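**Q** Supplied in structure tokens, the structure appears directly below.
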Amino acid sequence: MTSSAEPKVFTIPSGVSFVDTLAAGIVERVGDDPLALAAVTVLLPTRRSCLSLRDAFLRRSGGRPMLLPRMSPLGELDADTLSLTAEELPGVPLELPGAVTPLKRQLLLARLILQAHGVSATTAQAVRLGADLGRLIDAVWTEGVAFDRLASLVPEDYAQHWQVTLEFLKIVTEHWPTILGSIELTDPAQRRNIVLETQAALWRAEPPQGLVIAAGSTGSIPASAELLAVIARLPQGAVVLPGLDQEADDTAWDAIRRDESHPQHGLAHLLDRLGTTRDGVRRWNDVEEPRAVRARLIAEAMRPAATTESWRALEGLDASALANLTRIDAATAEEEASAIALLMRHALETPEKRAALVTPDRNLARRVAMALSRWGIAVNDSAGQPLVHTAVGTYLRLTAELAASRAHPLALLALAKHPLAAGGRDPSDFRSAARALERTVLRGPRPAEGFSGLIAALKGAEYFAQHEGRRDQQAFLLDWLEDLSKLAAPFMEVLFSEAPIADLVRAHIAFAEKLAARTDMPGEKFLWLQADGEGAAGFVHELLEAAEGFPAVPGTDYPALLDALMAMRPVYQRYGLHPRLSILGPMEARLQHFDLMILGGLNEGTWPPDPAADPWMSRPMRRDFGLPSPERMVGLSAHDFTHACGAPEVVLTRAERVDGTPTVPSRWLLRLETVLRALNLDGRIDLAGEPWLAWARGLDEPDAVRPVSPPEPRPPVTARPRKLSVTKIERWMRDPYAVYAEHVLRLRKLDPIAADPGAADRGQFIHGALDAFVREYPGPLPQDALHRLLDLGRQSFGPLLQTHPDVWAFWWPRFERIAEWFIALERDRRLTVKPLATEVSGELTLNGPAGPFLLTAKADRIDSTGEGLVLIDYKTGTPPSTREIELGFAPQLPLEAAIALAGGFGGVAAGKVAELSFWRLSGGDPAGEEKPVKGDPATLASEARAGLEELIRHFDDPATPYRSCPRPAMAPRYTDYAHLARVQEWSAGGDGGEG
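Residue 3 is where the sequence shown starts when you use the working numbering, and the numbers rise one by one after that.
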């Protein structure tokens, strides 16, 4: 059939609303006949641009009902509506194959990866590799190259790595086509090509009667460029390009054709494909660029490198080019987000003004959305949110982790405190039970594995033995745990039987629904109520279909596999969003028009993005194979940037540091700086951004900084402690505030959840083994003393030697060395020294102004010699220095000596103290050391007692405060209460943070 001899190609300047101008031109061409408008076909780059064009027609009609043109995304033409029959066009296929869904393809490729020779990967790793292979397949189909060229890319003299890669890629060159044939489906990109090529063939042979317009595309996909070429020559066809630069001189345009990183390169390439030149391109609807001077400035900044000598003689540009153009260089990403949020919030003060943030930086987008929430504004984020990060996605991940970890305390608490978990109870009661279980059982050493271990730990919990009045709570928690165990049991049974993915998913969802049930609604209804639940339901349905036939998966792999699959599934919020604010990615922003465009994240590596690492081919191999170069991707990104710069108001933002790392401004900003410097206009656009930075900083800055003073609590004397151990006396002297917090406020540091053994536990194990040995062998040592001490050590360490590899690898060898040193020392000591007591308790009552004060102690060991008693303290850490002891800041052993002199230790008669000694048990080199305390024990004991009595008198005065670390040089090495005392806010050298 006939077609137009000359292609009909138009352009719309970037400074006007593309969709509004396009709609006006369509109406001008078809007139006011509503049926004529309905006969128009418009092809646009994305679904979002189709929605924008629909809104443009509605704005033009004033909201009156009207018949709209048929609008379709160019890459998603509906094959079911292809307009001719096979009899009319023999040889053109109309029954097109369906496309495999991305999820099904990912799982099928993952199965091939797991079966590949020499590949060792978990299921989750295979799934991620499957996604990478899927992207490679789509790129190959998009560019129209053939996989059979791969073999010629890897000559025999290439590195062995590439030979291995080529062998691995047989998955897509040999096995994948066979699988597609067996299921009678095609790859999505292949099907898109088939649809585009079929439509081109149909319209080439039989042009449609109505107007056909392809608008906004740069023809980056070869198959779409072919269709554009056909549309441009249809009698009723037209191609409308976005923001074609018709002002560049011929020299620059020739350079643009060679420079793939230039924003106009794609359009130049498309014009060649359409068979026309810039001179043959007309303005759509005769609309002129409203900000021509700024457009010229941006074009100069993006000038090809080969022609930048023209910057030496710039003409026709002045300060008017900078009107409503602002640049903001924030110190941090957080500050950048605050400034952007302020700009968007300020835009709402102008009626009907619309603003958008355009950025490829997802972290920045999330920060801005969060910053806007301070004003109660929910913003439309075009990228949505990964399902794995939504409430339902997190809940599904936590239910999987609970089962896979066999009810690990951390997994249990994370799930039980999730808002969706209720277990058929009232949600607040369910979470209260979780908090109670945390306090009574889950903090401290981990209970035995599984729900049975948790139940056993709950039944034997010391808390309830010490609080008989809480037995009802214990019974309630047992009932709560047993119910949860019953709910999880079917899923855990399937999970650890290496079942197929489909069976795992069904069991998982059944558990998740039952756990989500509450008193007023069943879980199978409540779980899927919101937008994320709806998205999750669709994901689960698609996963069940895609997973059929997938082999059995180890249970421990399932949570990571679920994470990998959900991370690629976006969820979009559809309600409660502000109608005038948006957050868009560069691709989603194409053809969109806002009064204020904020281009954020303009750092090198972010915008333009660094080229993604190709796991399959090197850069030369990609070039030889026919895949696009990274420069081409930069050029497409640059086109998005320059097009967005045509908005009425434009703000360019970046952060000088991101996550603490210095950044480099985007190459486009650097180019713009250079051009402005040549025009003597440098710094102008930065000045306009400074007020926004100041306001952003002021949002969270207080009106005045009032330094906090050190705390000086003065509780009544009746509330002050009248009983302390010798170790707490040292704390009292070094950090009175810690004694106040612990003994007056009764605050205790919470143990970690499912805590691994730490240094304190190591000390207890070693003390326990030595105590048991000395008790069992108080006289001469047996010949196999070392063997017996090691046996006692194994008993003291207990099951940790089997359950914690680090205990076996690091702690036990140290204990073996300590045991050898200890036995060698004891053999010599036992000739003249007799052990009297080990781990023995003692006390001494002292008088104070407010009444008796009880000093308590537990001596690690007391020996007897001909000269008197020897008090020994085992130290697995560092013993105190002689100076600390002399100054009274390490009074433990001297006070124990005072107790011994008074006969305060049970079973040990009062007597002279001959020696005080620390035994340092490090297990290193040397394994142990005797460190006798210098000075006369009786004198040290007398001075320590007198010092303690003075301390008691001092704190029996109600005016005496409990200060925090009153002597910084003698502050304790460790304290649990420094953050409560806000030490770093008032101490010398504090950085303002909390310690």
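No residue lacks a Cβ here, since even glycine has one placed at the ideal position from N, Cα and C. As the structure is a prediction and not an experimental result, all values here were calculated from the model.
Helix or strand or just coil, what does DSSP make of Thr-87?
**A** Residue confidence for Thr-87 is low, a pLDDT of 37 falling below 50, so the modelled location carries little weight and cannot support an answer.
**Q** Between which two residues does the alpha helix (DSSP H) harbouring Val-542 extend?
**A** 533 to 548 is the span of the alpha helix (DSSP H), which, as asked, contains Val-542.
**Q** Among residues of its own chain, excluding the 5 on either side of Pro-449, which ones have a beta-carbon nearer than 6 Å to its beta-carbon?
**A** Gly-455, Leu-456 and Ala-459
**Q** Mind checking which residues open and close the alpha helix (DSSP H) that includes Arg-193?
**A** 190 to 207
**Q** Using only the alpha-carbon positions, how far apart do Arg-433 and Ala-418 sit?
**A** Their backbone Cα atoms lie some 6 Å apart in a straight line.
**Q** Compute the distance between the beta-carbons of Ile-755 and Glu-440, then report whether it is under 8 Å.
**A** yes
**Q** Where does His-119 fall in DSSP's three states?
**A** coil
**Q** Which residues mark the beginning and the end of the beta strand (DSSP E) in which Glu-658 is found?
**A** 651 to 660
**Q** Between the segment 764 to 776 and the segment 737 to 756, are three or more C-beta pairs nearer than 8 Å?
**A** no
**Q** Pair every Cβ in the segment 402 to 414 with every Cβ in the segment 608 to 618, then say whether three or more of these pairs are closer than 8 Å.
**A** no
**Q** Name the DSSP beta bridge partners of Phe-432, please?
**A** Note: Phe-432 sits in no beta bridge, so no partner.
**Q** May I have a chain-ordered list of the alpha helix (DSSP H) segments no shorter than 4 residues that lie completely inside the segment 490 to 535?
**A** 503 to 518 and 525 to 528
**Q** From which residue to which residue does the beta strand (DSSP E) around Phe-775 run?
**A** Run containing Phe-775: none in the beta strand (DSSP E); it sits in the alpha helix (DSSP H), 761 to 778.
**Q** Secondary structure at Lys-461, three-state DSSP: helix, strand or coil?
**A** helix
**Q** With Leu-374 and Ala-343 assumed to form a contact (beta carbons below 8 Å), what rounded beta-carbon distance in angstroms separates them?
**A** With a Cβ gap of about 5 Å, Leu-374 and Ala-343 count as contacting.
**Q** Taking the DSSP output, what are the residues bridged to Met-73?
**A** BP columns for Met-73 point to Val-44.
**Q** At which residues does the beta strand (DSSP E) containing Ala-793 begin and terminate?
**A** With the sequence shown as reference, residue 793 is identified as Asp, and Ala is not the correct amino acid for it. Premise fails: Asp-793 lies in the alpha helix (DSSP H), 787 to 799, not in any beta strand (DSSP E).
**Q** Check whether chain C comes within 8 Å of Glu-495, counting only Cβ atoms and requiring the distance to be less than that.
**A** Any reference to chain C falls outside this structure, which holds one protein chain only.
**Q** Around the C-beta of Lys-106, are 16 or more other C-beta atoms found within 10 angstroms, so that it is buried, or is it exposed?
**A** buried
**Q** For Tyr-876, write down the residues that DSSP places opposite it in a beta bridge.
**A** Trp-921
**Q** With a threshold of 8 Å on Cβ separation, who are the neighbours of Ala-911 within its own chain once the five nearest residues in sequence on each side are excluded?
**A** Gly-905
**Q** Please say whether Asp-865 and Tyr-876 have beta carbons closer to each other than 8 Å?
**A** no
**Q** In terms of alpha-carbon separation, which member of Asp-288, Arg-285, Glu-451 and Trp-255 lies closest to Asp-274?
**A** Trp-255
**Q** So, helix, strand or coil for Met-304, using DSSP?
**A** coil
**Q** Which residues does DSSP pair with Gln-387 in a beta bridge?
**A** Val-573
**Q** Grab the span of the alpha helix (DSSP H) containing Val-360 for me, first residue to last.
**A** Counted as a single uninterrupted DSSP element, the stretch harbouring Val-360 is not any alpha helix (DSSP H) but the beta strand (DSSP E) occupying residues 357 to 360.
**Q** Give every residue of the same chain whose Cβ lies closer than 7 Å to the Cβ of Glu-943, excluding the five residues on either side of it in the sequence, and list them in chain order.
**A** The identity of residue 943 in the sequence shown is Ala, whereas the question assumes Glu. Pro-896, Ala-899, Ala-900, Leu-903 and Val-915.
**Q** Taking only three categories from DSSP, how would you classify Ser-631?
**A** coil
**Q** What do you get for Glu-500, buried or exposed, if any count of 16 or more other CB atoms within 10 angstroms of its CB means buried?
**A** exposed
**Q** I need the straight-line Cα distance from Arg-50 to Thr-167, nearest angstrom please.
**A** Each residue's alpha carbon lies about 38 Å from the other.
**Q** Return the CA-CA distance between Gly-537 and Leu-116, expressed in angstroms with no decimal places.
**A** 29 Å
**Q** Helix, strand or coil for Ile-173? Go by DSSP, reduced to three states.
**A** Here Ile-173 sits in helix by DSSP.
**Q** Any heavy atom of the ligand COA inside 7 Å of the beta-carbon of Asn-682?
**A** Annotation note on the ligand COA: not contained in the displayed structure, which lists no ligands.
**Q** One question on the structure: do Ala-1085 and Ser-16 come within less than 8 Å of each other, judged by their Cβ atoms?
**A** Examination of residue 1085 is not possible in this model, given that the chain is present from 3 through 997 alone.
**Q** Determine the closest residue to Gly-426 out of Thr-521, Ala-332 and Leu-479, with distance taken between C-alpha atoms.
**A** Among Thr-521, Ala-332 and Leu-479, the Cα nearest to that of Gly-426 belongs to Thr-521.
**Q** Return the bridge partner residues of Leu-857 from the DSSP annotation.
**A** Leu-726 and Leu-846
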